[in-house]
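Everything in the sequence shown is counted per my numbering, starting at 17 for the first residue and increasing by one.
Each residue gets a CB set at the ideal place from its N, CA and C atoms; glycine is no exception.
Bear in mind the structure is a predicted one, so any value in this text is a computation, not a measurement.
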Amino acid sequence: MFSDKLKLFNQNKMFEDIVRTYSAKLGYTEQELREIIIEEAKKRLIGEKRETIKSTNPMEASLKDV
């Protein structure tokens, strides 16, 4: 049980690290990117069409490219 909680904590920390790292690069606030990623995960779980998370700045790369 302890190891499951530790894994969950580490996964949450990794998610927050990803959000922190890529939000500025893609031109989103951390909250905006967090919500976009969660919505995309939901879509994938129910089998909806996937989308690439793109930068708000046309000169920036998409998340797929970074």
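C-alpha distance - residue i paired with residue j, whole-angstrom precision
i   : j   : result
K21 : S71 : 33 Å
Y44 : K59 : 20 Å
T68 : S19 : 33 Å
V35 : Q27 : 12 Å
E56 : L24 : 20 Å
K65 : L42 : 21 Å
N73 : T37 : 16 Å
Cβ neighbour criterion (16 or more within 10 Å) applied to residue i
i   : result
L49 : buried
L61 : exposed
The alpha helix (DSSP H) enclosing residue i, as first and last residue numbers
i   : result
R59 : A quick correction: the sequence has Lys, not Arg, at residue 59. Segment 46-62, the alpha helix (DSSP H) holding K59.
8 Å contact criterion, which residue i and residue j should meet: CB distance rounded
i   : j   : result
E46 : S39 : 5 Å
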